[in-house]
Amino acid sequence: EAEVAQSPRYKITEKSQAVAFWCDPISGHATLYWYRQILGQGPELLVQFQDESVVDDSQLPKDRFSAERLKGVDSTLKIQPAELGDSAMYLCASSTRPISGEQYFGPGTRLTVT
Amino acid sequence: TQLLEQSPQFLSIQEGENLTVYCNSSSVFSSLQWYRQEPGEGPVLLVTVVTGGEVKKLKRLTFQFGDARKDSSLHITAAQPGDTGLYLCAGITGNQFYFGTGTSLTVIP
Chain A
1 EAEVAQSPRY KITEKSQAVA FWCDPISGHA TLYWYRQILG QGPELLVQFQ
51 DESVVDDSQL PKDRFSAERL KGVDSTLKIQ PAELGDSAMY LCASSTRPIS
101 GEQYFGPGTR LTVT
Chain B
115 TQLLEQSPQF LSIQEGENLT VYCNSSSVFS SLQWYRQEPG EGPVLLVTVV
165 TGGEVKKLKR LTFQFGDARK DSSLHITAAQ PGDTGLYLCA GITGNQFYFG
215 TGTSLTVIP
């Protein structure tokens, strides 16, 4: 069964350092999402791609966060510099169509900033 | 401000008990989804409801979409330890998708 792949699964970094997360969506899924989730809370959308284009990045802290999906397949989310408040789970999801389509989530990257 | 509020936030019950989780909003949604998330994993879709008043059953889980399409509930009958996890509702309105605040369920054997 096809799955969304994410790496690394866990990342510990010191504040002010740069960190990057990678996501490979299910083959053929044009829509890709990055979410941030605080433990025990609902995920918060950071950015949504349709193919290689950003559809929604209104909640992305653009002074330190960036996301790209250059060839419309896999995607990278970067934080530079990391802050203590960035400690969270970062989830990637993909779907065949935006918004109304079922989203398939990867296992996430647990980030701890010290 | 969260568009979708879930209650309760935390729930700890004994195996075999019944429970209901609520998802409420002042906004109208074209459809609403429920996900379950296990520790260390991503959410997994359980059901999508699209019609006001719709009721869907998935084994011991019953999902209901409010008549006005502003709220939803999830009822679990005879809870089992395998039901433990974070339950998330998610609403779709226009071209926006919103997750709820989450309900963390623990079923004690």
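From first to last, the protein sequence lines are chains A and B. Its first residue numbered 1, the first sequence is counted upward by one per residue in our numbering. Its first residue numbered 115, the second sequence is counted upward by one per residue in our numbering. Ideal Cβ positions, reconstructed from N, Cα and C, are used throughout, including at glycine. Just so it is clear, the structure is predicted and the values come from calculations on it, not from any experiment.
Asked: As assigned by DSSP and simplified to three states, the class of residue 86 of chain A; Found: helix
Asked: Length-filtered (3 minimum) beta strand (DSSP E) runs lying within the stretch 9-52 of chain A; Found: 10-13, 19-24, 31-37, 44-50
Asked: Beta carbon of residue 67 of chain A nearer than 8 angstroms to that of residue 75 of chain A; Found: yes
Asked: Given 8 angstroms, three or more beta-carbon pairs between the stretch 44-52 of chain A and the stretch 26-33 of chain A; Found: yes
Asked: Reduced DSSP category for residue 154 of chain B - H, G, I as helix; E, B as strand; rest coil; Found: coil
Asked: Bridge-paired residues (DSSP) for residue 170 of chain B; Found: B:177
Asked: Paired residues, beta bridge with residue 67 of chain A - DSSP; Found: A:77
Asked: As assigned by DSSP and simplified to three states, the class of residue 108 of chain A; Found: coil
Asked: Three CB pairs or more closer than 8 angstroms across the stretch 3-15 of chain A and the stretch 83-100 of chain A; Found: yes
Asked: Residues sharing a beta bridge with residue 120 of chain B, DSSP; Found: B:137
Asked: Per-residue DSSP class, three states only, for residue 57 of chain A; Found: coil
Asked: Where residue 193 of chain B falls, given that 16 or more other Cβ within 10 Å makes a residue buried; Found: buried
Asked: Limits of the unbroken beta strand (DSSP E) element including residue 211 of chain B; Found: 210-213
Asked: Short-range partners of chain B found in the stretch 9-22 of chain A, where Cβ spacing is below 9 angstroms; Found: 9
Asked: Cβ shell of residue 112 of chain A (< 6 angstroms), same chain only, five flanking positions each side left out; Found: 12, 87
Asked: Straight-line gap, residue 43 of chain A to residue 190 of chain B (C-alpha atoms, nearest Å); Found: 23 angstroms
Asked: Contact set between residue 130 of chain B and chain A, taken where Cβ atoms lie within less than 8 angstroms; Found: Simply none; closest approach about 25 angstroms.
Asked: Cβ contact check for the stretch 115-128 of chain B and the stretch 170-182 of chain B: 3 or more pairs under 8 angstroms; Found: no
Asked: Those residues which DSSP pairs with residue 162 of chain B across a bridge; Found: B:147
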